[in-house]
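Undergrad: Below are the structure tokens for one structure; questions will follow.
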Amino acid sequence: MQEKRIVVHTAIVKDDPLIDISRFNSLTRLLRVTAYALLFLGKLGGKSTQTCPLVAAEISEAEEFWMKQVHREHFDFEITRLNRGQQIPAASRIWSLAPYPARRSSLCKRTFGAEQVDTRRKAPNTSAQV
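If you count the sequence shown from 1, position 66 lands on 66 in this note's numbering, and the numbers rise without skipping.
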């Protein structure tokens, strides 16, 4: 009888976050570290070759990363249902916000009856009758 060699590969998957948010006492510092980490990961994938200081777009990308992370952590069930085109249950904490899936972030809130804002004004119109 001939022996057959069997190779078994095992992987342990940890669900630890890429960056431990509890180690930061400043949002600015957290966003900068996240932006540098995302740049590094981009270089590993061959997407980025930038080596100069961070630009505003990279900070915004880091902010978007954390927004998506928090949404996934707290509203994963709702996001999954909305992405499938299903409604979220009325018992959900965010049901009253009438959320919908967004391209850039995980969730967006609908605004009904929102006033038009004049972006050319420096201050709100305080003389308007309520």
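Cβ atoms here follow ideal geometry from the backbone N, Cα and C, with glycine treated the same way.
1. Just reading off the alpha helix (DSSP H) that K68 is part of, what are its end residues?
2. Determine the DSSP secondary structure at A37, reduced to helix, strand or coil.
3. On the three-state DSSP scale, how would you describe K47?
4. If we count the other Cβ atoms within 10 Å of its Cβ and call it buried at 16 or more, is I12 buried or exposed?
5. Here's the rule I'm using: 16 or more other beta-carbon atoms within 10 Å means buried, otherwise exposed. How should A62 be labelled?
6. Whose C-beta lies closer than 6 Å to the C-beta of S92 among residues of the same chain, with five residues either side of it excluded?
7. How should I6 be labelled, buried or exposed, when 16 other C-beta atoms within 10 angstroms of its C-beta is the threshold for buried?
8. Would you grab the beta carbon distance between F65 and T34 for me? Rounded to a whole angstrom, and I think it's under 8 Å.
9. For L44, count the other beta carbons within 10 Å of its own beta carbon; 16 or more makes it buried, fewer makes it exposed. Which is it?
10. Does the distance from the C-beta atom of R32 to that of L54 stay below 8 Å?
11. On the criterion of 16 or more Cβ atoms from any shown chain inside 10 Å, does L41 qualify as buried, or is it exposed?
12. How should I88 be labelled, buried or exposed, when 16 other C-beta atoms within 10 angstroms of its C-beta is the threshold for buried?
TA: Reading from the atomic positions:
1. First-last of the alpha helix (DSSP H) with K68: 56 to 83.
2. Reduced to three states, the DSSP call for A37 is helix.
3. Looking at K47 - three-state DSSP - the assignment turns out to be coil, as it is neither helix nor strand.
4. It counts as exposed.
5. buried
6. E78
7. exposed
8. 6 Å
9. Counting Cβ neighbours within 10 Å, L44 comes out exposed, since fewer than 16 surround it.
10. yes
11. exposed
12. If you draw a 10 Å sphere on the C-beta of I88, you find 16 or more other C-beta atoms in it, and that means buried.
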